[in-house]
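Chemist:
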Amino acid sequence: MPLSPFNIYNQFVAEASQAAQVRQLKRTIKENANFNYAANESIREMVSTSEYTQSKT
């Protein structure tokens with residue numbers, strides 16, 4: 601029964617739901633300038649640590 605109306609409907613709903621989640625994620629990334637992208641720390645945090653020293657010449 602893979603082509604039963606219920607299976608087709610359930611497949612359609614699942615794909616529509618997944619597409620909506622992807623659109624929402626893309627919208628969140630676009631609207632939020634602070635989106636993390638799974639980075640451990642920002643570049644600003646990395647260069648402002650005490651381990652980073654800028655040589656003065």
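Taking my numbering, I'd label the letters of the sequence shown as residues 601 to 657.
Every residue, glycine too, gets a C-beta built ideally from N, C-alpha and C.
All values derive from a computational prediction rather than experimental measurement.
By DSSP, does Ser604 sit in helix, in strand, or in coil?
Modeler: The residue you call residue 604 lines up with position 4 of the sequence shown. DSSP places Ser604 in coil when its eight states are reduced to three.
Chemist: Work out the CA separation of Ala620 and Ser604 for me, nearest whole Å.
Modeler: As a working mapping, residue 604 is identified with position 4 in the sequence shown. As a working mapping, residue 620 is identified with position 20 in the sequence shown. Taking the straight line joining both Cα atoms gives about 24 Å.
Chemist: Taking the continuous alpha helix (DSSP H) assigned at Glu645, which residues delimit it?
Modeler: Locating residue 645 in the sequence shown gives position 45, where the first residue counts as 1. From DSSP, the alpha helix (DSSP H) with Glu645 extends over 643 to 647.
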